[in-house]
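What follows is a single structure, written as structure tokens, with notes after it.
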Amino acid sequence: KDCKSFWSNSRKSLPSYKEIVEKVSFQLDLFFLRIIKRHFWPVHLFWQRFQLFGACQTMRPVIEQYDCYYFIHRSPVSYSWEEREQRGLLEDKSLTYGETYWSSFFKILKVLSVQPYDHFVELGCGDGKLCFFMHLFYNIPATGVEQIQFFIQTAQSIAHELKIEDVTFVEANLFDYDFSQHTLFYVVCTCFSDEQMDQLNQQFKKAPPKSRIITSSGVLTGDFLELLDSFFCRFSWGRDFVRIYEVKDLA
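In structure tokens, the structure reads:
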């Protein structure tokens, strides 16, 4: 009886076949992702920049300035992690750094009707490159909102050095930011908690009618919103769902 009980309990504690397969698959995915990033990252970077410069040559000096701050010395990820650690913000997962690939951003813009009167804002803009592009390509005002001070200071320095106006970078918590002055929003919600998504949803109620909102991962709700489109895009963290909303004119 003791032997039977021992083997019975041991078998219960062992992982199931499905759990083993899932863990092995996850580790294989990580292994191949490391291989791809190590050996093919220069090719990927070249392809992304080839698409960017093909669409907007005026972004070339901006990227050259960014390379002086990041690419040559350290990556934005390391700067973000270091500052969050110093300021005690590592527990705030909403500040986790990730990048939107240019190929994915262009895919989004193809289904988005950008108007001359639009004011673009990226909520959680990271290093702020998308803001520069939106201004230089569409000639509209662009604002980046970010809590990491180094990103804000660096983007402001680049704008000053290149004498680029109508691109603003604000150090602020996006959940407390005033949404009423913008008409085109971009926000990556991948690491937001349910509570933060509720806060974001309430903030978007203050956006002007006919404003368009682009989200990655997060789902917005409410009668004041209309879902215009949804599709998958690739980001630095993997494949993710993009949704485009419009704020209804309820007047």
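Plus 190 on top of the position in the sequence shown (first one is 1) and you've got my numbering.
Glycine included, every Cβ here is placed at the ideal spot set by N, Cα and C.
Under the three-state DSSP convention, the category residue i falls into
i, result
"T248", "helix"
"I342", "helix"
"V437", "strand"
"E351", "helix"
"E385", "helix"
"E275", "helix"
"L415", "strand"
"V301", "coil"
"L390", "helix"
"F369", "coil"
"R239", "helix"
CB contact flag (residue i, residue j, <7 Å)
i, j, result
"S270", "Y287", "yes"
"G334", "E361", "no"
"V378", "S406", "yes"
"L374", "F322", "no"
"V409", "C423", "no"
"F341", "D368", "no"
"P251", "Y260", "no"
"Q241", "I348", "no"
"R274", "L285", "yes"
Sheet register partners of residue i (DSSP bridge)
i, result
"V432", "S406, F421"
"Y376", "E312, I404"
"A332", "F310, V357"
"T286", "The partner list for T286 (beta bridge, DSSP) is empty, contrary to what the question assumes."
Presumed contact (8 Å Cβ cut-off) between residue i and residue j, rounded CB distance
i, j, result
"V301", "I403", "Actually they do not touch by this definition, with Cβ atoms about 13 Å apart."
"S293", "Q238", "6 Å"
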